[in-house]
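Undergrad: With the numbering used here, letter number 14 in the sequence shown gets 10, and the count goes up by one each step, no holes. Heads up, the beta-carbon is just placed ideally off N, CA and C, and yes, glycines get one too.
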Amino acid sequence: MGGKILIISGHDFRSRRKANIHFIAKELANTQSVRFLSIGFSNLSLLKGDSRCELASEANRVCCESDIECFLWKTFIHPSNIGSRSLRWLERAHFDLYRTRLPEVALRWIGEAGTVILESGLSVLFIELIRKINPLARLIYNASDDLSAISCSTYLQSELDRLAGCLDWVRLPSRALASKFRSDVPVYFIPHGVDVRLRDQVHESPFERGTHAVSVGSMLFDESFFVLAADQFPEVQFHVIGAGKTGSALARANIQNYGEMKHAETVKFIKHAKFCIAPYRRNDHAEYLADTSMKLLQYDFLGVPAVCPSFVAGDRPYRFGYEPGDKASIRRAILAAMRQGKHKGTEYLSWADVTKRLLNPLDYPDTRLRPTDRPRVAA
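1) Using beta-carbon positions only, say whether His34 and His74 come within less than 8 Å of one another.
2) What is the DSSP secondary structure of Gln28, reduced to helix, strand or coil?
3) Tell me the rounded alpha-carbon separation between Val190 and Thr363.
4) So does the region 183 to 200 actually touch the region 157 to 170, counting three or more Cβ pairs closer than 8 Å?
5) Taking 7 Å as the limit between beta carbons, can you name the residues of its chain near Ile20, skipping five residues before and five after?
6) For Asn16, name the three-state secondary structure that DSSP assigns.
7) Per DSSP, what are the beta-bridge partners of Pro305 in this structure?
8) Please report how far the alpha carbon of Tyr151 lies from the alpha carbon of Asp227, in whole angstroms.
9) Ile266 and Gln294 - do their beta-carbons sit closer together than 8 Å?
10) By the three-class DSSP mapping on this structure, what secondary structure does Ala374 have?
11) What did DSSP end up calling Gln228 once you bin it into helix, strand or coil?
12) Assuming Arg13 contacts Ser47 under a Cβ cut-off of 8 Å, what Cβ separation, rounded to an integer in Å, is found between them?
13) Taking the C-alpha atoms as reference points, what is the distance between Arg127 and Leu156?
14) Can you tell me whether His208 is buried or exposed? The criterion is at least 16 other CB atoms within 10 Å of its CB, across all chains shown.
15) Can you grab the Cα-Cα spacing for the pair Leu224 / Pro305, in whole Å?
16) Assess contact between the region 135 to 148 and the region 106 to 125, defined as three or more Cβ pairs (one per stretch) separated by less than 8 Å. Is contact present?
17) Where do the ends of the beta strand (DSSP E) carrying Tyr137 lie?
18) Work out the CA separation of Asp311 and Arg10 for me, nearest whole Å.
Here's what the structure looks like:
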């Protein structure tokens, strides 16, 4: 199916912080016309330090970045998980109101799309509306995260359950997420990719002499790891990149905090680190991160040993697990990572490979999880 591709996401293509949807969008734009609608942004986002705050002045107008049309939809207050059971009626009312207020440009983009890719999160609110406006569009859900793991409202989860039958298919970056979708919904396993050019590119070290450890990102960020690790390893300089307000509160002589950083900049930090860290806090719904953590994939691909909680270490040979909050296990994991040193690097799909599978999963037998899965509309 031809036509324009519309991506609806809680990210913005122009942000310095990159998620898998950014790389997918960039690959799609090499061959097709792509539009990127960023939702869930408001004055509340500014207070919380959303990674899109730097783009606030560009909100509510169409801009073009790397041949992709971008629109950051900013409202006064966007709906979110209030966290109070007694106020769920108010939360639901806000979600229902929000879905009726899409700007005219977004409605036009939906109508003109041949394919709509919905990123996990707030975008599920618009499944029904998209089907009403453009019933012939392919509708693909990119399940980057379990909604429970990223603290989405239970209302969003119930809406995804109710409307999943409207989706043509679901892309799962981890097999562990298959159980989140009922059996009549076509699901395809398409793991995250990497920028395969990065391994061979020469990056000058950003460090002075010494032992350096690097952490990138803010998802489920557990600041207690650094409190426990920095005191035990005063000879190690810990570099915390893009952890937001939580990371900036860490105060140790051997902890250095950085704000959001362009992806290419983070790569040189990772490449020249003695070991890297994925400091996830404990979460009952986050085991799938063993497969989907973008930072862990990059660490693996670039041949740098990783220190991470045991629940995301899995059976990967170059990940060294610890129990969050356990000082002794953190020490053991760091010592093991430093003994390991650099390795050859793990092979992963390129983002071009991922994107081809996302658009045409039946062309790739390795995507099939259920023998009966067939897209609602032929790819």
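TA: In short:
1) Reading the sequence shown from its first residue, position 38 is the one you call residue 34. Reading the sequence shown from its first residue, position 78 is the one you call residue 74. As written in the sequence, residue 34 is Ser, which differs from the His given in the question. No, these two residues do not count as a Cβ contact at 8 Å.
2) Taking the first residue of the sequence shown as 1, we reach residue 28 at position 32. In the structure shown, Gln28 sits in coil (DSSP, three-state: anything other than H, G, I, E or B).
3) Mapped onto the sequence shown, residue 190 falls at position 194. Mapped onto the sequence shown, residue 363 falls at position 367. Spanning the two alpha carbons is a distance of roughly 18 Å.
4) As far as the Cβ criterion goes, the region 183 to 200 touches the region 157 to 170, which means the pair count is three or higher.
5) As a first step, residue 20 must be located in the sequence shown, where it is residue number 24. Here the set comprises Trp347, Val350, Thr351 and Leu354.
6) The count along the sequence shown starts at 1 and reaches residue 16 at position 20. Asn16: helix per DSSP, three-state reduction.
7) The residue you call residue 305 lines up with position 309 of the sequence shown. DSSP, once it has assigned bridges, lists Tyr318 as partnering Pro305.
8) Translated into the one-based positions of the sequence shown, residue 151 becomes position 155. Translated into the one-based positions of the sequence shown, residue 227 becomes position 231. The straight-line gap from Cα to Cα measures roughly 42 Å.
9) Taking the first residue of the sequence shown as 1, we reach residue 294 at position 298. Taking the first residue of the sequence shown as 1, we reach residue 266 at position 270. Cβ distance < 8 Å, so Gln294 and Ile266 count as in contact.
10) Stepping through the sequence shown from its first residue, residue 374 is reached at position 378. At Ala374, the pLDDT of 43 sits below 50, so the modelled position is not reliable and the matter cannot be decided from this model.
11) Numbered from 1 along the sequence shown, position 232 holds the residue referred to as residue 228. Helix, per DSSP.
12) To locate residue 13, count along the sequence shown from 1; it is residue 17. To locate residue 47, count along the sequence shown from 1; it is residue 51. Correct: roughly 4 Å between the Cβ atoms.
13) Stepping through the sequence shown from its first residue, residue 127 is reached at position 131. Stepping through the sequence shown from its first residue, residue 156 is reached at position 160. If you take the alpha carbons of Arg127 and Leu156, they lie about 14 Å apart.
14) Sequence index remark: in the sequence shown, residue 208 carries index 212 (1-based). Buried, since its Cβ has 16 or more Cβ neighbours within 10 Å.
15) The residue you call residue 224 lines up with position 228 of the sequence shown. The residue you call residue 305 lines up with position 309 of the sequence shown. Rounded to whole angstroms, Leu224 to Pro305 spans 14 Å at the Cα level.
16) Because the criterion of three Cβ pairs below 8 Å is met, the region 135 to 148 and the region 106 to 125 touch.
17) As a position in the sequence shown, residue 137 is number 141, starting the count at 1. Start and end: Arg134 to Asn138.
18) In the sequence shown, counting from the first residue as 1, residue 10 sits at position 14. In the sequence shown, counting from the first residue as 1, residue 311 sits at position 315. One C-alpha to the other measures close to 35 Å.
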